[in-house]
Amino acid sequence: MARLAALRRDDARPAQRLSARILRFPVPALRREATRAARQTNLAAAVLALSVLADSGVEHYRGSFRNRAMFVPLGAAALTLAASLLGVADDRPRRHPGRDGVYALAAAVGAAGLAFHAYNVGKRPGRLSWHNLFYGAPIGAPAALMFAGALGRLAETARDGGRVFGLPAERMLAAVSALGLAGAVGEAGLLHFRGAFQNPAMVLPVTMPPVAAGLLAATVATGSRPLGRAARLWLKLTTGLGLAGVGFHAFGVHRAMGGWRNWRQNAIDGPPLPAPPSFTGLALAGLAALSLMLGPDHA
Amino acid sequence: MPERFPGYDVLAKRRTQSWNDQTRRVIEGRLTVDPQAHSFFDDAEWRTLQAVCERIIPQPPERQRPAPLAAMVDEKMATNAADGYRDARMPPMGAAWRRGLAALDAEALARHRRTFAELAPAEADGMLSAAQGGLLAHEAWAGMSAELFFKQRVIPDIVGAYYAHPAAWNEIGYGGPAAPRGYVRLDFDRRDPWEASEARPGREAQAWRENQRVGRS
Amino acid sequence: MRQYAEDEAVDFVVVGAGAGGGTLACKLAEYGFSVVALDAGPYWRPLEDFASDERHQAKLYWTDERITDGENPVQLGSNNSGQSVGGSTVHFAMVSLRFRPEWFKARSKLGYGADWPIDWREMWRYYAEVEQALKISGPLTYPWGPRRPRYPYRPHQLNAAAQVLAQGAEATGIKWTTTPLATLSAPRGLAHPCVYRGMCVIGCATNAKQSVLVTWLPRALAAGAEIRDLAMVGRIEHDERGRATGVHYHRDGLWRFQRARNVVVAGYAIETPRLLLNSASPRFPDGLANGSGLVGKNLMVQSNQAVWGVHPREIRSYKGPPSLSLTEHWNYDDAKDFFGGYCFMSQGTLPVVAAGIHAKRGLWGQRLIDEMQRYNHQVGVKMVGECLPQERNRVTLADETDRFGLPIARVTYAFCDNDKRMIQHALGAMRENLAAAGVGELFDETDDTCHLNGTARMGDNARDSVVNADCRSWDVPNLWVCDGSVFPTVGGVNPSLTIQAIACRTADRIKALAARGEL
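Below is the structure:
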């Protein structure tokens, strides 16, 4: 612990070199920290997978599962969720090939889904129009499954200090988290625009997460600890926002015609309950990346 | 002909979110219309009206709750539930019906020596077709055009009554009342679980099963 | 609700609380005038009063007798005439379109009909005001005409029937758009968004429909206006100087009199001329405001023909607002063999209306029953076409009287050759559209009409018009007409948005005139 604390005091050192040292010279405490962050990343993947599982469940139920392929993301998300929960429980500092495989599968299914949804949007009258982005197959949903897979892969990589595309896992993790948040902001922005931002709270998911993502990216780029502290704060707020969003959306279902008693309509046509936690998952991943870079969060 | 929407009963949805209290009251009122009740038409007119309704909308004899079309027409006349406009060539609604029914009877007696209600279905259809084509001109019409009577009274009043009845909704696979719950799936070939399922060739059993579930809340 | 005494002269008594009168009553009350709006119909509470039933909801329509004649007698009642506080907007299809700018100068710019005494740029501002007030859900960019501000709410999803029109338009190379609709695509205040129950034209039991009843009238009440329902106005009274003094109206079994400093007639294109004609007096033997002789003349319906067919896939057009997509292509194309234009839009039909369409083409008995079994596969498109003003098309008084003892209206209508050419053109275009979208067994619905306008037209001088640009009578200076009656031409789009825009403009003009002491 003393060694770790000494490292953490060494503010002048660029973050990447710091983390590289942590991972290159496996000291039990450092390994423990890396494993802890990896498990948090598994948790992030779990939350994202849960969001995808519930969301694609509802949306594909709306689509009456007309195409057998519409079951595939449910299976992939369920597997990802299970693997991620096992990962959360696993404190061994090694990657697990089974989980790794599931995560790769999730990413692949997400990518295929993305292509499929894009094809679906493109064949509707009006092609790539605002209207089809509003009401066609959503682009963001399969992307979330891709991100769940990517986060999981990085969780596994982080356990043994590996690198991805030549970058240390935590930098990749931060990038994926920031990119994912940007995507989620785009999706929320699109759908809240469709809802005419009729409730002032609808601007929160398009204003808070971008700050968090920006600070995360800036921290990775500069290695600045003050920025890192700010990033942690905003990521935590974003984590909470994702959970609060479920409450907001539950209220939205309630205030639609017939309220919750008309759940068979409103839980589908109203604001989607499973969507906001994707912010929570992505923000958790960002927090894990910061832990890997900057050491544990004692705030 | 096999049923197109086997096992579909829009009334199974009565207790679901698709119906609200005011709709339940209105439809209940329609279902409890006494098929033999008539206060506007006299007995002779009533018999003719019933016979006309049976030819304009022949309902299957095995139907448990046929739409009481003649009684619905009578109710419309008795309450003077007018349309809001009248062709200048036509007498007021109730008077037009009285004269038209009497004229059909007079034509039937003249042509077949039986009242309209006693005609065989093909004979009755023939007379109604003649009215539709403007080919009836018995003096009992008293200047009213049989063609206009058919187009502006017979058809709208009887057809309008029938397709306002749940029996017809079942036959055509209409979703029926829809408030507070409306519909979610609006795309081609999509149905909500609370809508009628069509028995396309090869999926009759599936359609029947799905139609048994429309009343689940 | 504030209430006014009958013997207290209010600033304005408004006859009819629909698209024209309801909007104007709201705006005038907000400008500080004392206002009583009388309406012949009841003040509905949609959430409690509206059932999901075509037959029952006939209570929304003007079902008192009217006589129709002429070569093409028009259908009234459910088709275009409301008797409810909120008027026909309680059962309208919510299609909220702007006029093409040139239509305001149809005579000078396009060579037919008459010019409006109003500039389109001024109307553009009032359209924007109404679109905001109704939170119109519309496309992000509208494909025709000059730029307009973004619609306040986003467009609704398309049902299958609307996609058929879109597919047909793309296959034939003409533009289409999601229809700007006065129904909510997202919550607004306490109002629920649309649940796509598809019963818009029999009254919205969701309150998503942004009718006059749920938009302008709550504002009117908040600003101190009184809405007196079930009040049938029979006659406008005037003094020896020829100024209106108030209205006689029937309520709770009695004839009553409401004094007013100004009278606004907003009964729509049949009841407005009927009231003006029924208010004839020794001083105005031809009816009030009728120095031009034009009250009741130039009635314009809009042609409402359709083409229907059968789609191999399930359409179920009973779901969603009835007209979710449309094309205005032929409103903005001038290479046609007729004057004026038309749009056509996707259709949703409830069973009674659907059966009526088949019955009109002669089907009854088993053939009708068999045809209706394909109800869920039936799909069609319907035009709203610009009929030209003709003096022979008119509203007059019949010999019969109604339950109040008032002479009823006789409505005389005939299409002119130009109208008939337009209808043929539109039927061809609609057939082409449906055929290109894979719809089979096409047939025409040839005799439908919709909307009523033009029986008290506005204009630049007292000889050729009943009211001026401010909707003020040329003959009786404190008498105003504010509804579809004032349209000199009718355009090829649904009129409700324009009626409301005119009402907003009239309110602004009245405010300005009052400030100058010119009321």
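Respectively, the protein sequence lines represent chains A, B and C.
Going by the working numbering, the first residue of the first sequence is number 1245, and it counts up by one from there.
Going by the working numbering, the first residue of the second sequence is number 122, and it counts up by one from there.
Going by the working numbering, the first residue of the third sequence is number 98, and it counts up by one from there.
All residues carry an ideal CB built from backbone N, CA and C; glycine is no exception.
Here the structure is a predicted model, which means the values were calculated and not measured.
Relative to the alpha-carbon of residue i, which residue among the options has its alpha-carbon at the smallest distance?
{"i": "residue 575 (chain C)", "options": "C:341, C:475 and C:142", "result": "C:341"}
{"i": "residue 198 (chain C)", "options": "C:309, C:162, C:171 and C:244", "result": "C:244"}
{"i": "residue 164 (chain B)", "options": "B:123, B:223 and B:212", "result": "B:223"}
{"i": "residue 482 (chain C)", "options": "C:405, C:437 and C:325", "result": "C:437"}
{"i": "residue 264 (chain B)", "options": "B:158, B:211 and B:201", "result": "B:211"}
{"i": "residue 143 (chain B)", "options": "C:200, C:136 and C:144", "result": "C:144"}
{"i": "residue 159 (chain B)", "options": "B:148, B:200 and B:185", "result": "B:200"}
{"i": "residue 1338 (chain A)", "options": "A:1305, A:1449, A:1275 and A:1354", "result": "A:1275"}
{"i": "residue 360 (chain C)", "options": "C:135, C:343, C:366 and C:372", "result": "C:343"}
{"i": "residue 335 (chain B)", "options": "B:308, B:239, B:312 and B:238", "result": "B:312"}
{"i": "residue 1446 (chain A)", "options": "A:1492, A:1300 and A:1481", "result": "A:1492"}
{"i": "residue 1397 (chain A)", "options": "A:1441, A:1342, A:1359 and A:1437", "result": "A:1342"}
{"i": "residue 501 (chain C)", "options": "C:454, C:448 and C:137", "result": "C:137"}
{"i": "residue 220 (chain C)", "options": "C:601, C:611 and C:615", "result": "C:601"}
{"i": "residue 420 (chain C)", "options": "C:190, C:110 and C:589", "result": "C:190"}
With a cut-off of 8 Å, does the C-beta of residue i fall near any C-beta of chain A?
{"i": "residue 264 (chain B)", "result": "no"}
{"i": "residue 303 (chain B)", "result": "yes"}
{"i": "residue 306 (chain B)", "result": "yes"}
{"i": "residue 327 (chain B)", "result": "no"}
{"i": "residue 311 (chain B)", "result": "yes"}
{"i": "residue 135 (chain B)", "result": "no"}
{"i": "residue 138 (chain B)", "result": "yes"}
{"i": "residue 292 (chain C)", "result": "yes"}
Does the beta-carbon distance from residue i to residue j come in below 8 Å?
{"i": "residue 548 (chain C)", "j": "residue 591 (chain C)", "result": "yes"}
{"i": "residue 253 (chain C)", "j": "residue 275 (chain C)", "result": "yes"}
{"i": "residue 125 (chain C)", "j": "residue 607 (chain C)", "result": "yes"}
{"i": "residue 1387 (chain A)", "j": "residue 1427 (chain A)", "result": "yes"}
{"i": "residue 277 (chain C)", "j": "residue 235 (chain C)", "result": "yes"}
{"i": "residue 299 (chain C)", "j": "residue 114 (chain C)", "result": "no"}
{"i": "residue 104 (chain C)", "j": "residue 356 (chain C)", "result": "yes"}
{"i": "residue 296 (chain C)", "j": "residue 584 (chain C)", "result": "no"}
{"i": "residue 162 (chain C)", "j": "residue 496 (chain C)", "result": "no"}
{"i": "residue 188 (chain B)", "j": "residue 252 (chain B)", "result": "no"}
{"i": "residue 168 (chain C)", "j": "residue 511 (chain C)", "result": "yes"}
{"i": "residue 1490 (chain A)", "j": "residue 1514 (chain A)", "result": "no"}
{"i": "residue 1393 (chain A)", "j": "residue 1354 (chain A)", "result": "yes"}
{"i": "residue 1479 (chain A)", "j": "residue 1530 (chain A)", "result": "yes"}
{"i": "residue 1323 (chain A)", "j": "residue 1291 (chain A)", "result": "no"}
{"i": "residue 205 (chain C)", "j": "residue 216 (chain C)", "result": "no"}
Answer yes or no: does any C-beta atom of chain B fall closer than 8 Å to that of residue i?
{"i": "residue 1373 (chain A)", "result": "no"}
{"i": "residue 115 (chain C)", "result": "no"}
{"i": "residue 359 (chain C)", "result": "no"}
{"i": "residue 256 (chain C)", "result": "yes"}
{"i": "residue 1284 (chain A)", "result": "no"}
{"i": "residue 473 (chain C)", "result": "yes"}
{"i": "residue 1505 (chain A)", "result": "yes"}
Our contact map puts residue i next to residue j with C-beta atoms below 8 Å; I'd like the distance itself, whole angstroms only.
{"i": "residue 1403 (chain A)", "j": "residue 1279 (chain A)", "result": "6 Å"}
{"i": "residue 205 (chain B)", "j": "residue 159 (chain C)", "result": "5 Å"}
{"i": "residue 225 (chain B)", "j": "residue 173 (chain B)", "result": "7 Å"}
{"i": "residue 618 (chain C)", "j": "residue 139 (chain C)", "result": "Nothing in the structure corresponds to residue 618 (chain C), since chain C is present only between 98 and 616."}
{"i": "residue 444 (chain C)", "j": "residue 377 (chain C)", "result": "The pair is not a contact, with the Cβ atoms about 42 Å apart (cut-off 8 Å)."}
{"i": "residue 423 (chain C)", "j": "residue 442 (chain C)", "result": "4 Å"}
{"i": "residue 116 (chain C)", "j": "residue 597 (chain C)", "result": "5 Å"}
Establish whether the CB of residue i and some CB of chain C are separated by less than 8 Å.
{"i": "residue 1453 (chain A)", "result": "no"}
{"i": "residue 247 (chain B)", "result": "no"}
{"i": "residue 183 (chain B)", "result": "no"}
Are the segment 1525 to 1532 of chain A and the segment 1478 to 1490 of chain A touching by the rule of at least three beta carbon pairs closer than 8 Å? Segments in contact, yes.
Would you say the segment 167 to 175 of chain C touches the segment 463 to 478 of chain C, given that touching needs at least three Cβ pairs under 8 Å? Counting Cβ pairs under 8 Å, fewer than three are found: no touch.
Is there contact here, the segment 1365 to 1380 of chain A with the segment 1406 to 1414 of chain A, by at least three beta-carbon pairs under 8 Å? With fewer than three CB-CB distances shorter than 8 Å, the segment 1365 to 1380 of chain A does not count as touching the segment 1406 to 1414 of chain A.
Does the segment 567 to 574 of chain C come into contact with the segment 399 to 414 of chain C, if we say contact requires no fewer than three beta-carbon pairs (one atom in each stretch) closer than 8 Å? With a cut-off of 8 Å, the segment 399 to 414 of chain C and the segment 567 to 574 of chain C do not count as touching, because too few Cβ pairs lie within range.
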